[in-house]
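For reference, each letter of the sequence shown is one residue, going 392 to 511 in our numbering.
The structure appears below as structure tokens.
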Amino acid sequence: MSPVTLAFIGDGVFELLVRERLLANGSMPANKLHALAVKQVKASAQAAAYPALEAASTETELDILRRGRNANTSKVPKSCTPEDYRKATAMEALFGYLYLSGDLARIHELYRIVSAEINR
């Protein structure tokens with residue numbers, strides 16, 4: 392599959408992980424949950440966690456990250472830099488790849504690493 396297709400599903404996987412973690416911290420109004428989730432799923436937050444994810448990745452995972460980072464994306468949102476967007480796409484591609492491979496344990500392992508970096 393193309394890295395952009397992997398990133399498409401990986402975006403949903405990553406957001407679901409963020410939402411699950413937020414709900415585990417207790418009940419709060421939906422608008423507050425949404426604001427907290429957006430802070431963690433935005434490209435700049437994912438890009439900040441990218442080095443830690445890269446350091447924890449296997450050779451196969453590094454290949455997926457590289458393909459995702461080098462993917463030809465049509466538009467970069469105004470809210471981030473092209474470099475941050477490429478790193479976020481890479482991270483999402485890896486989460487998509489792992490999800491489609493059925494490796495949920497690895498997804499959770501990498502998410503713990505990424506989450507620790509994002510929530511510093």
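By construction, the Cβ of each residue, glycine as well, lies at the ideal position given by its N, Cα and C atoms.
Contact between the segment 435-446 and the segment 475-482: three or more CB pairs below 8 Å?
Contact holds: three or more Cβ-Cβ distances are below 8 Å.
Just verifying my parser: in three-state terms, what is the DSSP assignment at SER492?
Looking at SER492 - three-state DSSP - the assignment turns out to be helix.
Using the three-state DSSP reduction, which class does VAL429 fall into: helix, strand or coil?
Helix, per DSSP.
Below 8 Å on the Cβ atoms is my contact criterion, and I expect ALA443 with GLU508 to pass it. Report the Cβ-Cβ distance as a whole number of Å.
Right, their Cβ atoms sit about 5 Å apart.
For the segment 398-471, list the alpha helix (DSSP H) runs that are entirely contained and at least 4 residues long, ordered along the chain.
The segment 398-471 contains these whole alpha helix (DSSP H) runs: 421-432, 434-447, 450-460.
Cβ of ARG457 within 7 Å of Cβ of ARG477?
No, the Cβ-Cβ distance between ARG457 and ARG477 is not below 7 Å.
Among the candidates LEU453, ASP494, ASN510, ILE498, whose CA atom is the shortest distance from the CA of PRO557?
Shown here, the chain extends from 392 to 511; a query on residue 557 therefore has no answer.
State the Cα-Cα distance for the pair VAL429 and LEU407, rounded to the nearest angstrom.
Each residue's Cα considered, the two are about 12 Å apart.
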